[in-house]
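Per the working numbering, the very first residue in the sequence shown carries number 1; after that it's consecutive.
Single-structure report; data block below.
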Amino acid sequence: MSELAIFNWSGGKDSALALYHTLRNPDFKVRKLLTSINSETDRISMHGVRLSLLQKQAELIGLPLSLLSLPGEISMADYD
1 MSELAIFNWS GGKDSALALY HTLRNPDFKV RKLLTSINSE TDRISMHGVR LSLLQKQAEL
61 IGLPLSLLSL PGEISMADYD
């Protein structure tokens, strides 16, 4: 039986490659994408990708997208 998974999507090439391999792995069933968004800029916290592009990526991948809205000035320590 496959493990249900939520994939932490950054919108970048490394994330895309990791998702590709995860989707091909029968041990996992990816249910949705999760991305943190800067609440002040509406861009992905990690790469600065626009929200509209992120939504298009999820649409083309065919997975639902969940957004985690984070304050504009956040440090790596805040993720803990």
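From the three backbone atoms N, C-alpha and C, an ideal C-beta is built for every residue, glycine too.
Values in this document were obtained by computation on a predicted structure and should not be read as measured data.
Identity of the residue in the options nearest residue i by Cα
{"i": "Glu59", "options": "Phe28, Leu33, Leu68", "result": "Leu33"}
{"i": "Glu40", "options": "Ala5, Pro71, Met76", "result": "Pro71"}
Supposed contact pair residue j and residue i - C-beta distance, whole angstroms, cut 8 Å
{"i": "Met46", "j": "Ser69", "result": "At roughly 14 Å, the Cβ-Cβ gap does not stay under 8 Å, so Met46 and Ser69 are not in contact."}
{"i": "Leu54", "j": "Ile61", "result": "Not really, about 11 Å apart at Cβ, beyond 8 Å."}
Alpha-carbon to alpha-carbon, residue j and residue i
{"i": "Ser52", "j": "Leu17", "result": "21 Å"}
{"i": "Pro64", "j": "Arg31", "result": "7 Å"}
{"i": "Ser15", "j": "Thr22", "result": "10 Å"}
{"i": "Met1", "j": "Asn38", "result": "36 Å"}
{"i": "Arg24", "j": "Lys13", "result": "17 Å"}
{"i": "Lys56", "j": "Ser36", "result": "16 Å"}
{"i": "Ile74", "j": "Ala5", "result": "26 Å"}
Nonlocal neighbours in the same chain, by C-beta distance under 8 Å from residue i, ignoring five residues either side
{"i": "Glu3", "result": "Asp27, Phe28, Lys29"}
Own chain, CB closer than 6 Å to residue i, minus 5 neighbours either side, in chain order
{"i": "Ser66", "result": "Lys32, Leu34"}
{"i": "Leu19", "result": "Phe7"}
Cβ-based neighbour list, residue i, same chain, cut-off 7 Å, excluding 5 preceding and 5 following
{"i": "Val49", "result": "Gly11, Arg43"}
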